[in-house]
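As structure tokens, the structure follows; a few thoughts come after it.
Numbering (my numbering), first residue to last: -16 to 66.
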């Protein structure tokens, strides 16, 4: 993994496409007025060359050149397998 590339860790929520997984990144922010911690999600399509990822896996994705209309990320490693 080269320096300067963004990377994120998230959970695979869909592996139904060929060589593509949908990874959901969850982050928490404190509400500016009410101070309650609010959960936010973002979903990214990531390239999975060997179709190795399964739904529920925790993976690290890194940014890459545009691979298709929606894919700008690729799976770097599987951090944790689903139970």
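Glycine included, C-beta positions come from ideal geometry on N, C-alpha and C.
Is the beta carbon of residue 26 less than 8 angstroms from the beta carbon of residue 42?
no
Is it buried or exposed for residue -7, if we count other Cβ within 10 angstroms and need 16 for buried?
Under a 10 Å Cβ-count criterion, residue -7 is classified as buried, with 16 or more other Cβ atoms of the shown protein chains found around its own Cβ.
According to DSSP, what are the bridge partners of residue 5?
Partner residues in the beta bridge of residue 5, as assigned by DSSP, are -3, 28.
Assuming residue 38 is part of the beta strand (DSSP E), what are its boundary residues?
Counting along the chain, residue 38 falls outside any beta strand (DSSP E), and DSSP gives it neither H nor E.
Do residue 67 and residue 23 have their C-beta atoms within less than 8 angstroms of each other?
Shown here, the chain extends from -16 to 66; a query on residue 67 therefore has no answer.
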